[in-house]
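Visitor: Just passing along the structure, written as structure tokens.
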Amino acid sequence: MPQTSAWERASPETGAPAPVSSPTPSMEIGTSSKNGGVWPPRGSFASPTPPAKLDTTFVGKHRSVFWLALKTGFLTVLTLGFYRFWMKTRLRRWYWSSTRPGGTPLEYVGDPWEKLLGFLIAVVILAFYIGVVNLALMFASFSLFQQNYAAYLVSFAGVIPLWFYAQYRGRRYVLARTRWRGVRFGVAPGAWGYVWRALMHWAITLLTLGLLWPRMTFYLEKYRIDRTYFGNARFTQGGRWTQLYHATIPMFIALALAGGAAGLIAAGQTATGSPIAVLAWMMAAYGYVHYRVVTFRILANHKTVGGVTFTANPRPFRILMITVLGYLATGLVLALPLGALGIGVMLVQFSQTEFMQDFGELGTMLALVPQPALIAIGIALYFAIFLLWATFTHAWVTMPVWRHYATTLTVQNPAALRQISQRARDEFEEAEGFAEALDVGASI
Amino acid sequence: MTVIRVGAAPEPFEATGLYFDGDTAVGDLAQLSVDEAARALVIARIGFAPLHWPLDDLRLLPDLGGKDLSILRLRDDPVARLILNDDLLLERLPDVRRPAPVTRRGRLVAWAVAAVASVALIITVLVPTMADQLAVYIPPEGERALGETTLNQIRSALDDTGMGQPVAFCEDPDGVAALARMQAHLAPGLPEGQQVSVHVLDHPMVNAFALPGGYIVFFRGMIEAAETPEEVAAVFAHEIGHVISRDPTRHALRSAGSIGVLGLLFGDFAGGAMVLFLTEQLIQATYSREAEAGADDFARALLLETGIDPAALGRFFDLLRAKYGERDGFFAHFASHPALSDRILAANVDLPAGFEAVPVLNDDEWQALRNICQ
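For the record, the sequence lines run as chains A and B.
Taking our numbering, the leading residue of the first sequence gets 6, the next gets one more, and so forth.
Taking our numbering, the leading residue of the second sequence gets 95, the next gets one more, and so forth.
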């Protein structure tokens with residue numbers, strides 16, 4: 006049981022009856038909206054005949070997230086990174102408001118200034134560790150081992166617990182700033198409990214060569230979910246960890262294929278063994294995605310909150326295809342223009358070496374391009390690649406993956422939502438400062 | 095009360111919205127209308143008294159993904175929300191796109207000052223103090239390893255082709271032999287057991303620098319700029335002075351401490367750029383006034399002892415000043431404190447009685463050294 010003394014008090018008692026209201030014929034309902042749905046969406050207001058389930062829609066378009074990511078990314082580069090708190094906030098608002106369970110959008114109320122504040126708090130604490138501890142480690146490593154890998158290793162090991170800490174706190178912040186239908190989500194404090202559990206589970210998983218990975222996946226998710234709230238209602242993670250072995254089948258097939266390939270190659274039959282080895286690698290890549298997606302599905306289907314349950318049905322192959330094709334398309338789109346530009350810059354740079362005097366008029370002309378201008382173009386190119394990569398992957402990977410997870414999620418028994426009421430705001434001044442400083446958590 | 099309107103009266107506004115009171119997770123259907131006289135949006139729900147939201151206090155949530163819905167809030171109410179599928183209303187709301195005010199500005203400023211102060215304190219006081227202390231205790235093998243690692247980093251960072259190819263060492267055998275002769279010439283002035291490895295990098299920069307563990311590196315540009323072997327030997331002696339006082343070791347340890355802190359502050363998006371910047375700092379190593387004066391003093395004594403006119407150092411600085419000016423970026427290391435002109439004066443010492451100049455290299459050797467990168 007989580008410790009929830011002060012926390013529990015912040016949430017009003019469950020079970021307070023919702024104000025009774027019912028629509029009358031005088032109200033005009035059921036006009037269709039531009040998105041093809043019915044306005045106001047059925048199930049979003051109290052009615053005598055609520056729907057049995059709420060489907061989730063996603064209304065965001067590729068083009069709109071592309072421009073938002075490009076604009077905010079550009080400002081981030083211009084401000085030497087400080088706009089990134091605004092970029093994150095704005096992208097989250099976009100993703101959240103595009104996601105509509107039962108037709109009503111999620112809302113992200115996080116504030117960029119509080120993120121900046123949280124980041125500054127983390128900097129004050131981490132700067133000491135990174136400056137002083139790393140210097141001492143570097144000294145010890147060179148003195149004792151004549152190389153710096155020992156320092157990197159120890160420094161990295163020291164950051165692992167902080168990484169889990171930051172992960173829990175980051176999730177707590179994001180959910181505390183997430184609302185649906187005006188009601189806040191929330192996570193009870195418990196980051197250090199998460200840290201030692203995560204370390205133990207990782208140790209067990211590594212010692213059993215990954216055989217108990219599903220056990221770790223289940224118990225860490227259960228720790229997080231059992232401390233998560235929607236309004237005054239607490240989530241519960243049901244099910245058993247052994248159910249997750251269902252998700253590991255492709256992994257085991259990949260392992261069997263790899264074993265077969267190794268056997269064949271060892272027996273000298275390289276021609277038959279090699280294609281099987283390639284197949285094993287592809288199967289392993291699929292198996293990893295399959296595990297992630299299917300465990301998400303199984304775990305989601307065993308979550309409850311105040312009598313509300315969920316049906317998730319994301320498809321692993323679809324997610325794999327979105328990811329592979331999305332990155333491939335991004336790579337192709339970026340390779341052509343940026344490659345050409347890069348070769349141009351190199352040509353000019355080459356023309357400035359002594360060699361160049363034989364190149365005739367063009368050579369002399371190129372040699373006149375001033376060095377600072379070249380350096381500026383080089384730096385601009387470097388940042389342009391970063392910026393465009395992030396932007397295109399938002400439009401072609403992050404958004405489609407998010408949309409697939411969203412649209413395959415259904416909320417069951419929405420009538421129970423009437424029993425749920427608001428919870429108090431979690432001020433949480435440090436925000437996601439540690440996650441930001443340690444770079445935990447991917448694109449959004 | 096007289097209401098003065100400019101132009102035609104606005105059309106009466108009617109719409110159906112969804113109202114979330116910020117307490118329950120189930121909304122209310124709301125009949126919306128605008129009371130122009132009171133400048134308020136009237137939200138009528140069944141079973142409740144109508145709400146009046148002042149038009150001036152209505153705010154639209156920013157960055158909405160779907161353009162079909164408008165989500166409105168009241169400026170001073172953090173939770174209640176009104177959703178409607180109609181953007182006609184927005185035209186009547188003057189401040190609807192105004193951003194929320196920044197709250198708790200004081201705390202923000204306090205933490206920002208604390209963050210800047212702690213980073214500044216760590217980089218300018220704590221890390222240098224620790225580095226100076228630790229530089230004395232690092233064993234010779236560790237110091238050499240530190241120098242080797244740093245040299246490899248610098249070679250990679252100086253690469254202009256963008257191919258990740260480290261800048262090459264110049265290794266023409268005759269040139270290397272000439273450089274070895276120069277090193278042997280200076281060797282009698284070195285303390286017992288001090289190891290020195292000297293390299294030439296194939297790079298046009300007019301510079302030379304020392305690294306931990308006795309690594310001394312000349313750039314091709316430096317050798318090409320010198321007019322006599324004595325000038326190169328003078329710079330060599332100056333760099334040996336840095337090696338002996340362990341200035342580069344302190345410097346390398348300092349940057350090891352600072353690099354992570356700066357990377358932390360600017361986020362990972364500029365991580366690569368930060369490494370480049372600090373490597374640049376290592377090459378352009380601007381030591382303290384005392385360290386530079388110390389290296390100059392050492393060089394002068396070493397040159398006198400090995401039969402080289404210390405004026406070569408001053409002549410070379412003079413030449414470079416004429417060519418590149420006082421504080422050119424290419425020559426920042428030598429141009430650093432004390433200012434170049436002071437050092438030229440200081441380098442022009444009176445020769446002691448009985449001083450006999452010994453040539454460092456003969457003409458063939460000097461030509462070989464100049465062609466070391468061929």
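We put the CB at the ideal spot given by N, CA and C, even for glycine.
These numbers come from a predicted model, not from an experiment.
Rounded to whole angstroms, how far is the Cβ of L305 of chain B from the Cβ of T244 of chain B, which I believe are closer than 8 Å?
Guide: The residue you call residue 305 of chain B lines up with position 211 of the second sequence. The residue you call residue 244 of chain B lines up with position 150 of the second sequence. Their Cβ separation, rounded to whole angstroms, is 5 Å, which keeps L305 of chain B and T244 of chain B in contact under 8 Å.
Visitor: Would you kindly report the start and end of the unbroken alpha helix (DSSP H) that includes F439 of chain A?
Guide: The residue you call residue 439 of chain A lines up with position 434 of the first sequence. Per DSSP, F439 of chain A belongs to the alpha helix (DSSP H) from G438 to L443.
Visitor: Short of 6 Å in beta carbon distance, which residues of its chain neighbour D60 of chain A, apart from the five on each side in sequence? Order them along the chain.
Guide: Here residue 60 of chain A is taken as the residue at index 55 of the first sequence, counted from 1. Result list for D60 of chain A: T415, in chain order.
Visitor: Determine the direct distance from the alpha carbon of T210 of chain A to that of P22 of chain A, and round the result to whole angstroms.
Guide: On the first sequence, position 17 is the one that residue 22 of chain A refers to. On the first sequence, position 205 is the one that residue 210 of chain A refers to. Bear in mind that a pLDDT of 40 at P22 of chain A, under 50, signals an unreliable position, so the model cannot answer this.
Visitor: Ignore the nearest five residues each way along the sequence and tell me which others in H67 of chain A's own chain have a CB closer than 6 Å to its CB.
Guide: The residue given as residue 67 of chain A occupies position 62 in the first sequence. Cβ neighbours of H67 of chain A beyond the five flanking positions: A400.
Visitor: Leaving out five residues on either side along the sequence, give the residues of the same chain with a beta carbon under 6 Å from the beta carbon of T104 of chain A.
Guide: Along the first sequence, read from residue 1 onward, the residue named residue 104 of chain A stands at position 99. Excluding sequence neighbours, T104 of chain A sits near F63, L111 and A411.
Visitor: When the Cα atoms are used, what is the spatial distance from A156 of chain A to F133 of chain A?
Guide: Taking the first sequence and counting its residues from 1, one reaches residue 156 of chain A at position 151. Taking the first sequence and counting its residues from 1, one reaches residue 133 of chain A at position 128. Distance between the alpha carbons of A156 of chain A and F133 of chain A is about 16 Å.
Visitor: If the cut is a Cβ gap below 9 Å, which residues of chain A does G121 of chain B touch?
Guide: One-based indexing of the second sequence puts residue 121 of chain B at position 27. Result: P45, S49, F50, A51, T109, R186 and G187.
Visitor: Measure how close the beta-carbons of E435 of chain A and R174 of chain A come, nearest whole angstrom, since I'm counting them as under 8 Å.
Guide: As a position in the first sequence, residue 435 of chain A is number 430, starting the count at 1. As a position in the first sequence, residue 174 of chain A is number 169, starting the count at 1. The pair is a contact, with the Cβ atoms about 7 Å apart (cut-off 8 Å).
Visitor: Going by DSSP, which residues form a beta bridge with F190 of chain A?
Guide: For this step, residue 190 of chain A is matched to residue 185 along the first sequence. According to DSSP, which records beta bridges pairwise, F190 of chain A is partnered with A:F235.
Visitor: State the beta-bridge partners of K308 of chain A as determined by DSSP.
Guide: For the purposes of this step, residue 308 of chain A is identified with residue 303 of the first sequence, where counting begins at 1. Under the DSSP definition of a beta bridge, K308 of chain A partners with A:Q242.
Visitor: Name the chain A residues that come within less than 8 Å of L135 of chain B, Cβ to Cβ?
Guide: Taking the first residue of the second sequence as position 1, residue 135 of chain B is located at position 41. Under the 8 Å cutoff, chain A gives no residues; its nearest Cβ is about 17 Å from L135 of chain B.
Visitor: Grab me the residues of V128 of chain A's own chain with a C-beta within less than 8 Å of its C-beta, minus the 5 sequence neighbours each way, in chain order.
Guide: Taking the first residue of the first sequence as 1, we reach residue 128 of chain A at position 123. Once the five neighbours on either side are set aside, the close Cβ partners of V128 of chain A are G438 and A442.
Visitor: Could you tell me which chain B residues have their CB closer than 9 Å to the CB of W407 of chain A, listed as they occur along the chain?
Guide: Working through the first sequence from its first residue, we reach residue 407 of chain A at position 402. None at all; the shortest Cβ gap to chain B is about 11 Å.
Visitor: Assign F449 of chain B to one of two classes, buried (16 or more other C-beta atoms within 10 Å of its C-beta) or exposed (fewer than that).
Guide: As a working mapping, residue 449 of chain B is identified with position 355 in the second sequence. Exposed: under 16 other Cβ atoms inside 10 Å.
Visitor: State the beta-bridge partners of Q125 of chain B as determined by DSSP.
Guide: Reading the second sequence from its first residue, position 31 is the one you call residue 125 of chain B. In DSSP, Q125 of chain B forms a bridge with B:T110 and B:A138.
Visitor: Can you tell me which of the three DSSP states R68 of chain A falls into?
Guide: Along the first sequence, one-based indexing puts residue 68 of chain A at 63. Helix at R68 of chain A.
Visitor: Put L158 of chain B into one of helix, strand or coil per three-state DSSP.
Guide: Here the question's residue 158 of chain B lines up with position 64 in the second sequence. L158 of chain B: coil per DSSP, three-state reduction.
Visitor: Let me see if you follow: with CB-CB separation under 8 Å, is M299 of chain B close to chain A or not?
Guide: By 1-based counting over the second sequence, the position of residue 299 of chain B is 205. Not one beta carbon of chain A lies nearer than 8 Å to the beta carbon of M299 of chain B.
Visitor: Kindly list, in the order they appear in chain B, the residues whose Cβ is closer than 7 Å to that of N153 of chain A.
Guide: As a position in the first sequence, residue 153 of chain A is number 148, starting the count at 1. In chain order: T243.
Visitor: Going by beta carbon distance, what residues of the same chain come within less than 6 Å of Q125 of chain B, once the five residues before and after it are set aside?
Guide: Position 31 of the second sequence, counted from the first residue, corresponds to residue 125 of chain B. Listed in chain order, the non-local C-beta contacts of Q125 of chain B below 6 Å within the same chain comprise A138, local neighbours out to five positions each way being set aside.
Visitor: So the candidates are B:E459, B:Q259, B:L166 and B:P323; which of them puts its Cα closest to the Cα of G116 of chain B?
Guide: Position 22 of the second sequence, counting from 1, holds the residue named residue 116 of chain B. Considering only alpha carbons, the answer is B:L166.
Visitor: Quick one: residues in its chain with C-beta nearer than 8 Å to the C-beta of E265 of chain B, no 5 flanking neighbours on either side, listed in chain order?
Guide: Walking along the second sequence from the start, residue 265 of chain B turns up at place 171. Excluding positions up to five away in sequence, the list reads I466.
Visitor: Assuming the contact rule is C-beta atoms closer than 8 Å, L386 of chain A and L352 of chain A should be a hit. Round their C-beta distance to whole Å, please.
Guide: Indexing the first sequence from 1 puts residue 386 of chain A at position 381. Indexing the first sequence from 1 puts residue 352 of chain A at position 347. Not really, about 14 Å apart at Cβ, beyond 8 Å.
Visitor: Are the beta-carbon atoms of M276 of chain B and L396 of chain B separated by less than 8 Å?
Guide: Counting from 1 along the second sequence, the entry for residue 276 of chain B is found at position 182. Counting from 1 along the second sequence, the entry for residue 396 of chain B is found at position 302. Cβ atoms of M276 of chain B and L396 of chain B: not closer than 8 Å.
Visitor: Is the Cβ of S291 of chain B closer than 8 Å to any Cβ of chain A?
Guide: Here the question's residue 291 of chain B lines up with position 197 in the second sequence. Among the residues facing chain A, S291 of chain B is not included, as its CB has no counterpart in that chain under 8 Å away.
Visitor: Let me check understanding here. Comparing Cα to Cα, which of A:V313, A:A259 and A:T314 lies closest to M287 of chain A?
Guide: Mapped onto the first sequence, residue 287 of chain A falls at position 282. Of the candidates A:V313, A:A259 and A:T314, A:A259 places its Cα closest to the Cα of M287 of chain A.
Visitor: Contact criterion: CB-CB distance below 8 Å. Does E235 of chain B meet it with respect to chain A?
Guide: Along the second sequence, one-based indexing puts residue 235 of chain B at 141. Answer yes: the Cβ-Cβ gap between E235 of chain B and chain A drops below 8 Å somewhere.
Visitor: Would you call the CB atoms of L240 of chain B and G307 of chain B closer than 8 Å?
Guide: Working through the second sequence from its first residue, we reach residue 240 of chain B at position 146. Working through the second sequence from its first residue, we reach residue 307 of chain B at position 213. A contact, by the Cβ cut-off of 8 Å.
Visitor: If the cut-off is 7 Å on Cβ atoms, which residues from the region 164 to 177 of chain A count as contacting chain B, listed in chain order?
Guide: none
Visitor: Can you find a C-beta in chain B that's less than 8 Å from the C-beta of F144 of chain A?
Guide: For the purposes of this step, residue 144 of chain A is identified with residue 139 of the first sequence, where counting begins at 1. For F144 of chain A, the answer is yes, since a Cβ of chain B falls inside 8 Å of its Cβ.
Visitor: Would you verify that the beta carbon of F313 of chain B is, or is not, closer than 8 Å to some beta carbon of chain A?
Guide: Within the second sequence, residue 313 of chain B is the residue found at index 219, counting from 1. No - not a single Cβ of chain A is within 8 Å of the one on F313 of chain B.
Visitor: Taking the alpha carbon of I353 of chain B as the point to measure from, which residue in A:P321, A:L140, A:A272 and A:L85 has its own alpha carbon closest?
Guide: Start at 1 with the first residue of the second sequence, and residue 353 of chain B comes out as number 259. Here the closest residue by C-alpha is A:L140.
Visitor: Give the list of continuous beta strand (DSSP E) stretches no shorter than 3 residues that lie fully inside the region 306 to 353 of chain B.
Guide: The DSSP assignment places 309 to 313 as complete runs of the beta strand (DSSP E) inside the region 306 to 353 of chain B, in order along the chain (cut-off: 3 residues).
Visitor: Measuring CA to CA, which of A:R177, A:Y199 and A:G336 is closest to R189 of chain A?
Guide: Your numbering for residue 189 of chain A matches position 184 in the first sequence. Looking at the Cα atoms, A:R177 is the closest of the given residues.
Visitor: Return no unless some Cβ of chain A is closer than 8 Å to the Cβ of T118 of chain B.
Guide: The residue given as residue 118 of chain B occupies position 24 in the second sequence. Yes, T118 of chain B lies at the interface with chain A (some Cβ there is under 8 Å from its Cβ).
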